[in-house]
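Respectively, the protein sequence lines represent chains A and B.
When we follow numbering that gives the first Met the number 0, the leftmost residue of the first sequence carries the number 0, and every step to the right adds one.
When we follow numbering that gives the first Met the number 0, the leftmost residue of the second sequence carries the number 0, and every step to the right adds one.
Have a look at the structure below, then the notes.
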Amino acid sequence: MTGSTGSAGTKAPSPAVPAVRVPQRRGTELTLLVLAVLLSVYGYCHVGLAHDGTVPPGAAGYGAGLGVLALLAHAAVRFRAPYADPLLLPIAVLLNGLGLVLIYRLDLETPGDEAAPAQLVWSTLAVGLFIAFVLLLRDHRALQRYAYISVVAALLLMTLPIFFTSVNGARIWIRIGGLSIQPGEFAKILLAVFFASYLAANRNALRYTGRRIWRLQLPTMRVFAPILAIWLISVGVLVLETDLGTSLLFFGLFIVMLYVATGRGSWIAIGLVLAAVGAFVVASFEPHVHDRVENWLHPFASIDAGDGPSQLAQSLFAFAAGGMLGTGLGLGHSILIGFAAKSDFILATAGEELGLTGLTAIFLLYALVVERGYRAGLALRDPFGRLLAIGLASIVALQVFVIAGGVTGLIPLTGMAMPFLAQGGSSLVTNWVIVAILVRISDQARRSDPPEAVPSALGRAA
Amino acid sequence: MTKYIRRAAAICLVLLVALLVNAARVQVFQAKRLRDNPADRRVAIQRYDRPRGDILVQGKPVTGSKDTKEPLRYERTYKNGPLYAPVTGYASQTYGTSFVEHAEDDVLSGTAPMLAPLPLWDDISRTQEPGGDVETTLNAAAQEAAFAGLGDKKGAVAAIDPTNGKILALVSTPSYDPGVISGTGSAAHDAWSTLNAASTKPMLNRAIRETYPPGSTFKVVTAAAALEQGVVDSIDTPTDTPDPYPLPGTSTELHNESASAACENATLEYALQVSCNTVFARLGVQVGLHGMVKAAEDFGFNDGGVRIPMTAARSNFDTDMDRSQLAMSSIGQFNTAATPLQMAMVAAAVANGGTIMRPHLVDRTTTHGGATVSTTGGSTYKQAMSPYTAAQLQRMMVDVVEKGTGANARIPGATVGGKTGTAQNGVHNEGTPYAWFLSYAQADDASAPQVAVAVVVEDASADRADISGGGNAAPIARAVMEAVLDHH
Numbered sequence: 000m001t002g003s004t005g006s007a008g009t010k011a012p013s014p015a016v017p018a019v020r021v022p023q024r025r026g027t028e029l030t031l032l033v034l035a036v037l038l039s040v041y042g043y044c045h046v047g048l049a050h051d052g053t054v055p056p057g058a059a060g061y062g063a064g065l066g067v068l069a070l071l072a073h074a075a076v077r078f079r080a081p082y083a084d085p086l087l088l089p090i091a092v093l094l095n096g097l098g099l100v101l102i103y104r105l106d107l108e109t110p111g112d113e114a115a116p117a118q119l120v121w122s123t124l125a126v127g128l129f130i131a132f133v134l135l136l137r138d139h140r141a142l143q144r145y146a147y148i149s150v151v152a153a154l155l156l157m158t159l160p161i162f163f164t165s166v167n168g169a170r171i172w173i174r175i176g177g178l179s180i181q182p183g184e185f186a187k188i189l190l191a192v193f194f195a196s197y198l199a200a201n202r203n204a205l206r207y208t209g210r211r212i213w214r215l216q217l218p219t220m221r222v223f224a225p226i227l228a229i230w231l232i233s234v235g236v237l238v239l240e241t242d243l244g245t246s247l248l249f250f251g252l253f254i255v256m257l258y259v260a261t262g263r264g265s266w267i268a269i270g271l272v273l274a275a276v277g278a279f280v281v282a283s284f285e286p287h288v289h290d291r292v293e294n295w296l297h298p299f300a301s302i303d304a305g306d307g308p309s310q311l312a313q314s315l316f317a318f319a320a321g322g323m324l325g326t327g328l329g330l331g332h333s334i335l336i337g338f339a340a341k342s343d344f345i346l347a348t349a350g351e352e353l354g355l356t357g358l359t360a361i362f363l364l365y366a367l368v369v370e371r372g373y374r375a376g377l378a379l380r381d382p383f384g385r386l387l388a389i390g391l392a393s394i395v396a397l398q399v400f401v402i403a404g405g406v407t408g409l410i411p412l413t414g415m416a417m418p419f420l421a422q423g424g425s426s427l428v429t430n431w432v433i434v435a436i437l438v439r440i441s442d443q444a445r446r447s448d449p450p451e452a453v454p455s456a457l458g459r460a461a
Numbered sequence: 000m001t002k003y004i005r006r007a008a009a010i011c012l013v014l015l016v017a018l019l020v021n022a023a024r025v026q027v028f029q030a031k032r033l034r035d036n037p038a039d040r041r042v043a044i045q046r047y048d049r050p051r052g053d054i055l056v057q058g059k060p061v062t063g064s065k066d067t068k069e070p071l072r073y074e075r076t077y078k079n080g081p082l083y084a085p086v087t088g089y090a091s092q093t094y095g096t097s098f099v100e101h102a103e104d105d106v107l108s109g110t111a112p113m114l115a116p117l118p119l120w121d122d123i124s125r126t127q128e129p130g131g132d133v134e135t136t137l138n139a140a141a142q143e144a145a146f147a148g149l150g151d152k153k154g155a156v157a158a159i160d161p162t163n164g165k166i167l168a169l170v171s172t173p174s175y176d177p178g179v180i181s182g183t184g185s186a187a188h189d190a191w192s193t194l195n196a197a198s199t200k201p202m203l204n205r206a207i208r209e210t211y212p213p214g215s216t217f218k219v220v221t222a223a224a225a226l227e228q229g230v231v232d233s234i235d236t237p238t239d240t241p242d243p244y245p246l247p248g249t250s251t252e253l254h255n256e257s258a259s260a261a262c263e264n265a266t267l268e269y270a271l272q273v274s275c276n277t278v279f280a281r282l283g284v285q286v287g288l289h290g291m292v293k294a295a296e297d298f299g300f301n302d303g304g305v306r307i308p309m310t311a312a313r314s315n316f317d318t319d320m321d322r323s324q325l326a327m328s329s330i331g332q333f334n335t336a337a338t339p340l341q342m343a344m345v346a347a348a349v350a351n352g353g354t355i356m357r358p359h360l361v362d363r364t365t366t367h368g369g370a371t372v373s374t375t376g377g378s379t380y381k382q383a384m385s386p387y388t389a390a391q392l393q394r395m396m397v398d399v400v401e402k403g404t405g406a407n408a409r410i411p412g413a414t415v416g417g418k419t420g421t422a423q424n425g426v427h428n429e430g431t432p433y434a435w436f437l438s439y440a441q442a443d444d445a446s447a448p449q450v451a452v453a454v455v456v457e458d459a460s461a462d463r464a465d466i467s468g469g470g471n472a473a474p475i476a477r478a479v480m481e482a483v484l485d486h487h
């Protein structure tokens, strides 16, 4: 994650200079994909053997399904993005496969409430979208044209759940037919597209500074207004939907992209101050958020009060039960967490059954995805592409940090899906699309002959 | 922009390190403390995810395990719950464990390190041994005879093998089925409430946890003290005792229960035979407080630390009394109180030449496969008196059965020694008295006494006049002794 190493990190060669031939690395990707599928199938079988003493009946179907999905995705990449980073797709398949294993494993403890089949359907849909994006999105710069549509769509998607009923304290779901969808998930990508577009077009203007008060270089109002707007929207999301995680994610994403675009460290300082003020104010009058903070500070207070362990306490018990090596797949008791064991708390199952060793491996897989995104961003030349790559990779990083930090007691717990692992179709689809765009960007970054620049709607306007 | 991208990447790296360090904190450094939190059900789940080991009586399990398919998977069952409850106790998922289930819990639940051939490997591989078994010292026939003998009366029986301290029977009535509180949920909860609220206290182990005034059975201890301290020359020498005996320092006169008994100046042997209050009250005073306390404590009184393996209640003989109180204490009244087990130990001391072997219920523990984990050998608890004194007491106690108040305990083909007791109860003796009988038996063809037994019956339903050690308690003692002798 520490930026680039080797040739890929240096600036892309200028079109005038004949480029060195870059290896395509599709064979590497295929090998890693086979490993990812085999590892997932092994995990699936292990769950059955450890839990019931037999290989689960669906093992062959599960392996074949995952294998076919992986191969189709691989074929699409080979066909349309032959220079793409060879790690992104296999890691996504492995995390998705592991997520299915963990959900199947938890299904065994909750007969009558099976989540794995639906998750497999969502996985198919998500990989389908991945393939569609890789095939149809020939150049990521095409996205720049949809900057304003993106932000309008994102705001619509984010406000939609306000009109639906609140579920477990958060108003982030909409119900269509039998499906529960979290529109906020899709808004993440749209916002990243908009931020990248806006910042790429205005980054020079944003670098101008306004008054200087003492040692703090203040931005001009023209720059400051959009930041304030984003902050207000984030706080609005927090208050209206009581969704601390999404709010945190949007704001963090904006600050990171703003910093990368302008290089102003004061943005980060201002951003952190605003976030702290916002969080403090909201926490002081919104009981749901206040409870989360209290629970984080005193995870065992409910035990002392005689109300039994809280979810966070149960989650910590699960991690502690795992220890260094874990209990082994299928042998833990993370289902004690109860509600959201398969979604927000899925990492606790990984922590208990795979131990610190397995958890570290999972964290490193995410880190690799982020690192590959950043590396693609470094290799690109167009500001929009760079910012988009950084933005998308940062979404993954922030999501992992917010939810993993939450369930392990590092930061207050906020409801958020662990990318690829957690039960939930919206999140799965979103993260596969993120990987698809990163595959596209990395393909362009590693290509020796970048395609012609596409005029940007925002660029012209600016 | 490249520079800022790298700085942003560095921030991501910081976040990753924070996650990893925190995960290590939770999973490794603080893991032990978290795992020990009683609110974590994992301990309970793991504990009940395998069948519990069994408690055996003469090789046959009296317990079992039932697969409930619930999170706490295996539940304790009892084959004959009420009969063995005073021994097994209960093993409840809600209310914990008691008695042998409690004392041997680590073996029964499979957590005892001794069960594993390679304990360190079990730690690493996270395997747990199946629960081991506990073989008791009980004699099934004696236990059943005692339980049947008490029937629906309130009371208790303790029987010991005098030569090695093995407890052969331990019965308390009314009893209960510990299986009804094994599980979780409302059924177990309701059963627990009912059992605890019941006026008959079915969960009270009267054989080891309740003390009763021992009444005339305590005269055996007083006789031993008198002989050991040389207060009487021999058991045939007339004691210089008036009848009635004026309690020292008071104007109260102590009478004997039976007017026909010639207790005035009676010999020790005759006084025990017909249970003269006057003789033993006076002997206790003659021995003196210090001597009586020592004698009582040599038999195990005032010792609250007897574990069989569960702790038996402390039997009491006051250490600070005036002479009239000492006189009453010496005939097992005033504040003198004993568990049935304690009185069985008194009988066992007489039978075993003065030596009390440490009473115990667990003969050995084994792994699930049957390999011995530990054995309880016979060990000496106390030397209550000299073998010579014991021999004299044996002669007297045999006389009690053959010629005196203990005729109901006679067994053809065996030597039986005994002592009856009818202890008064309540502040002004208005309560129904307790019927006591303690005895020992040796078959004619046996080389050593085989059983010592104490029986107490506290039956409120009986007419006060009908309660007597010889009438109510002795037949039960005989049945228990016969069961043991037949077995040999």
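Even glycine gets a Cβ: it sits at the ideal position worked out from N, Cα and C.
Taking 8 Å as the upper bound for CB-CB distance, V46(A) and Y103(A) are in contact here, some 6 Å apart.
Beta-bridge pairing by DSSP links G416(B) to Y439(B). Judged by DSSP secondary structure, G322(A) falls outside any alpha helix (DSSP H); it is assigned neither H nor E. With a threshold of 16 other beta carbon atoms within 10 Å, F146(B) meets it and is buried. Between A114(A) and the set A416(A), K341(A) and G414(A), the nearest pair of CA atoms involves K341(A).
A contact is defined here as three or more CB-CB pairs under 8 Å, and the stretch 3 to 11 of chain B fails this definition with respect to the stretch 155 to 164 of chain A. One thing to note: Y73(B) has its Cβ within 8 Å of the Cβ of S64(B). Using a CB distance below 7 Å, no part of the stretch 158 to 190 of chain B faces chain A. Annotation for A320(A): E351 place their beta carbon closer than 6 Å to its own, counting only its chain and skipping 5 residues before and after.
In the assembly as shown, D39(B) is a buried residue. Its beta-carbon has 16 or more other beta-carbons within 10 Å. Put simply, of N471(B), V479(B) and A476(B) the residue whose alpha carbon is nearest the alpha carbon of K152(B) is N471(B). Within a 10 Å sphere around the beta-carbon of P382(A) sit 16 or more other beta-carbons, which makes this residue buried. Listed along the chain, the chain A residues whose CB falls inside 7 Å of the CB of Y3(B) are Y258, V259 and G262. Chain order gives the chain B residues near R385(A) as M0 and I4, where near means a beta carbon separation below 8 Å.
The beta carbon of L189(A) sits closer than 8 Å to the beta carbons of S149, V150, A152, A153 and L156 from its chain, once the five residues preceding and following it are set aside; these are given in chain order. Closest in alpha carbon position to H73(A), among L99(A), G26(A), G408(A) and L107(A), is G26(A). Taking C-beta atoms as the reference points, M396(B) and K381(B) fail to come closer than 8 Å. In chain A, no part has a C-beta under 8 Å from the C-beta of N195(B); the shortest such distance is about 21 Å. With respect to chain B, the C-beta atom of P89(A) has no partner C-beta closer than 8 Å. Along the stretch 386 to 407 of chain B, there is no position whose C-beta sits under 9 Å from a C-beta of chain A. The C-beta distance from G322(A) to A30(B) rounds to 5 Å, short enough to fall under 8 Å. The closest CA to that of G372(A), considering only A186(A), A317(A) and I440(A), is found on I440(A). Taking 8 Å as the threshold, the shortest C-beta distance from F362(A) to chain B falls below it. Fully contained in the stretch 301 to 383 of chain B are the following beta strand (DSSP E) runs of length 3 or more, in chain order: 354 to 356, 361 to 365, 371 to 374 and 379 to 382.
Per DSSP, reduced to three states, the secondary structure at Y73(B) is strand. Taking 8 Å as the threshold, the shortest C-beta distance from F318(A) to chain B falls below it. I345(A) is outside the set of residues whose beta carbon lies under 8 Å from a beta carbon in chain B. Residues of the stretch 23 to 47 of chain B whose Cβ lies closer than 9 Å to any Cβ of chain A, in chain order: A23, R24, V25, Q26, V27, Q29, A30, K31, R32, L33, R34, N36, P37, A38, D39, R40, R41, I44 and Q45. Judged by their CB atoms, L267(B) and I234(B) are nearer to each other than the 8 Å cut-off. Under a criterion of Cβ atoms nearer than 9 Å, no residue of chain A is adjacent to L119(B); the nearest Cβ is some 15 Å distant.
Listed along chain B is no residue with a C-beta nearer than 8 Å to that of P225(A); the closest approach is about 18 Å. Distances from the CA of V42(B) to each of G52(A), L335(A) and R374(A) were compared; the closest alpha carbon is that of L335(A).
Taking all protein chains shown into account, M327(B) has 16 or more neighbouring C-beta atoms within 10 Å of its C-beta and is therefore buried. In this structure, the straight-line span from the alpha carbon of A347(B) to that of S108(B) is close to 34 Å.
One alpha carbon belongs to V483(B), the other to P339(B), and they sit about 18 Å apart. F400(A) reaches chain B at L14 and L18, counting residues in chain order whose Cβ is nearer than 7 Å.
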